[in-house]
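*Asks:*
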Amino acid sequence: MRTRKTGPDDIPALKALWKQAFGDTDAEIDSFFKTVYPEATGFCAEEDGAVIAMLFALPLTLAHGEETQKAAYLYAVATDEAFRGSGVCRALMEFAERTLRKRYVSCLLLVPETEKLASYYETMGYARQDSCTTQTLRADAPQGAAAVVTPQEYAGLRETLLFDVPHARYSKAQLDYAAEDLDFYRLEQGYALGCAAVRRAGQIVEELLPDARMLPALAAALGAGQYPVKTPGHGTMNCMAKWLDAEKQTAPIWLAFDFD
Numbered sequence: 013m014r015t016r017k018t019g020p021d022d023i024p025a026l027k028a029l030w031k032q033a034f035g036d037t038d039a040e041i042d043s044f045f046k047t048v049y050p051e052a053t054g055f056c057a058e059e060d061g062a063v064i065a066m067l068f069a070l071p072l073t074l075a076h077g078e079e080t081q082k083a084a085y086l087y088a089v090a091t092d093e094a095f096r097g098s099g100v101c102r103a104l105m106e107f108a109e110r111t112l113r114k115r116y117v118s119c120l121l122l123v124p125e126t127e128k129l130a131s132y133y134e135t136m137g138y139a140r141q142d143s144c145t146t147q148t149l150r151a152d153a154p155q156g157a158a159a160v161v162t163p164q165e166y167a168g169l170r171e172t173l174l175f176d177v178p179h180a181r182y183s184k185a186q187l188d189y190a191a192e193d194l195d196f197y198r199l200e201q202g203y204a205l206g207c208a209a210v211r212r213a214g215q216i217v218e219e220l221l222p223d224a225r226m227l228p229a230l231a232a233a234l235g236a237g238q239y240p241v242k243t244p245g246h247g248t249m250n251c252m253a254k255w256l257d258a259e260k261q262t263a264p265i266w267l268a269f270d271f272d
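Each residue of the sequence shown is one higher than the one before, starting from 13 at the first, in our numbering.
(1) Would you tell me roughly how many angstroms separate the C-alpha atoms of residue 156 and residue 253, rounded to the nearest one?
(2) With respect to the alpha helix (DSSP H) encompassing residue 100, which residues constitute its N-terminal and C-terminal limits?
(3) In chain order, what residues of the same chain lie with their CB nearer than 7 Å to the CB of residue 222, ignoring the 5 residues before and after it?
(4) Can you tell me whether residue 216 is helix, strand or coil according to DSSP?
(5) Report the three-state DSSP secondary structure of residue 125 (helix, strand or coil).
(6) Classify residue 217: buried if its beta carbon has 16 or more other beta carbons within 10 angstroms, exposed otherwise.
(7) Does any residue of chain D have a CB that is nearer than 8 Å to the CB of residue 58?
(8) Use the C-beta contact count for residue 209: other C-beta atoms within 10 angstroms, 16 or more gives buried, fewer gives exposed.
(9) So, under 8 Å CB-CB, residue 18 and residue 26 are touching, yes? Tell me the CB distance rounded to an integer number of Å.
(10) What residues match up with residue 58 in a beta bridge as DSSP calls it?
(11) Based on DSSP bridge pairs, tell me the residues matched to residue 82.
(12) Determine whether the beta carbon atoms of residue 37 and residue 145 lie at a separation below 8 Å.
(13) Once DSSP output is grouped into helix, strand and coil, what is the label at residue 252?
(14) Which of the three DSSP states is assigned to residue 155 in this structure?
(15) Tell me the rounded alpha-carbon separation between residue 83 and residue 127.
(16) Based on Cα-Cα distance, which residue from 196, 201, 124 lies nearest to residue 86?
(17) Spatial neighbours of residue 175 within its chain, please: CB distance less than 7 Å, with the 5 preceding and 5 following residues excluded, ordered by chain position.
(18) Would you check if the distance between the CB atom of residue 44 and the CB atom of residue 189 is smaller than 8 Å?
(19) Between 34, 136, 95, 143, which lies nearest to residue 179 when the distance is taken from Cα to Cα?
(20) Could you check whether residue 177 and residue 240 sit closer than 8 Å to each other, using their CB atoms as the reference points?
(21) Under 7 Å: does the beta carbon of residue 266 sit that close to some heavy atom of the ligand PLP?
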């Protein structure tokens, strides 16, 4: 088995493995490779010239106040079903980690799909970031106002509201990719300003800032009903992190939405 970085010639094989592992449509897979892949670093494992595992390191900036540092979000980690359980994924992640260390990346982030995967990543040094408060709120009395904004406008609001919270800052390409599944809102309630990212499927509020008190303003756009809501806080796993530079480690990181 050989581990290496991916190139343009690998894209057909990567797409095939993606479809096998995640079952996404061709259009959904094409969107990733068109929008996000150009700025990402792809890693793969191959056996006899065939790609048998993959992952993509999406560049992120960790921000807290005026301080920033380099991070990477490990996304679409997948192994061909014929090679699962043989240590291929671990070897590939170790290779990616060694490469990213050389680029002075301070922290690796990922979002496990299941509790079993979370436990598996813990064996590789990843720690749960319990930086999320998850609750279901009923919004029966809309107050304030909500307006749809562009991903770039949302990014500006988000940075202002998260200034004092250790958080991952997304790139323009990543926000454009997320916007295929999310709607972004600017919220106003009295003199308070907020924002929200809402997943269209199931109307899940993936990110509500600065906190759940802004939900009545969001209800002005969504209508009354039961909404699962995620806000910065403590208690629920938001993502997992592995610090490659322990001296730069911060408090639990708020990642918010991933790219389901």
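No residue lacks a Cβ here, since even glycine has one placed at the ideal position from N, Cα and C.
*Replies:* For this structure:
(1) Residue numbering aside, residue 156 sits at position 144 when the sequence shown is read from its first letter. Residue numbering aside, residue 253 sits at position 241 when the sequence shown is read from its first letter. If you take the alpha carbons of residue 156 and residue 253, they lie about 36 Å apart.
(2) As a first step, residue 100 must be located in the sequence shown, where it is residue number 88. Where residue 100 is concerned, the enclosing alpha helix (DSSP H) starts and stops at 100-114.
(3) Here residue 222 corresponds to residue number 210 of the sequence shown, with the count starting at 1. For residue 222, where only same-chain residues beyond five positions count, the Cβ hits under 7 Å are 173, 206.
(4) The sequence position of residue 216 within the sequence shown is 204, counting from 1. Under the three-state reduction of DSSP output, residue 216 falls in the strand class.
(5) Here residue 125 is taken as the residue at index 113 of the sequence shown, counted from 1. Reduced to three states, the DSSP call for residue 125 is coil.
(6) Looking up residue 217 in the sequence shown gives position 205. That one is buried.
(7) Any reference to chain D falls outside this structure, which holds one protein chain only.
(8) The residue you call residue 209 lines up with position 197 of the sequence shown. Taking a 10 Å sphere around the C-beta of residue 209, we find 16 or more other C-beta atoms and assign the residue as buried.
(9) As a position in the sequence shown, residue 18 is number 6, starting the count at 1. As a position in the sequence shown, residue 26 is number 14, starting the count at 1. Confirmed, about 6 Å.
(10) Counting from 1 along the sequence shown, the entry for residue 58 is found at position 46. The partner list for residue 58 (beta bridge, DSSP) reads 14, 63.
(11) Residue 82 sits at position 70 when you count from the first residue of the sequence shown. Beta-bridge pairing links residue 82 to 73.
(12) Position 25 of the sequence shown, counted from the start, is the residue given in the question as residue 37. Position 133 of the sequence shown, counted from the start, is the residue given in the question as residue 145. Their beta carbons are not under 8 Å apart, which means residue 37 does not touch residue 145 by this criterion.
(13) Numbered from its first residue, the sequence shown carries residue 252 at position 240. Strand, per DSSP.
(14) What you label residue 155 is simply residue 143 of the sequence shown in a count that begins at 1. Reduced to three states, the DSSP call for residue 155 is coil.
(15) Here residue 83 refers to the residue found at position 71 of the sequence shown. Here residue 127 refers to the residue found at position 115 of the sequence shown. Near 23 Å, if we compare the C-alpha coordinates of residue 127 and residue 83.
(16) The sequence position of residue 86 within the sequence shown is 74, counting from 1. Checking every option, the nearest Cα to that of residue 86 belongs to 124.
(17) Sequence index remark: in the sequence shown, residue 175 carries index 163 (1-based). A distance below 7 Å between beta-carbons, with the five flanking residues on each side excluded, links residue 175 to the following residues of its chain, in chain order: 77.
(18) Here residue 44 refers to the residue found at position 32 when the sequence shown is read from its first residue. Here residue 189 refers to the residue found at position 177 when the sequence shown is read from its first residue. Yes; because the gap between Cβ atoms is below 8 Å, this pair is in contact.
(19) To locate residue 179, count along the sequence shown from 1; it is residue 167. Looking at the Cα atoms, 143 is the closest of the given residues.
(20) As a first step, residue 240 must be located in the sequence shown, where it is residue number 228. As a first step, residue 177 must be located in the sequence shown, where it is residue number 165. No, the Cβ-Cβ distance between residue 240 and residue 177 is not below 8 Å.
(21) Inclusion of the ligand PLP in the displayed structure is not the case, the ligand content being empty and no account of it being possible.
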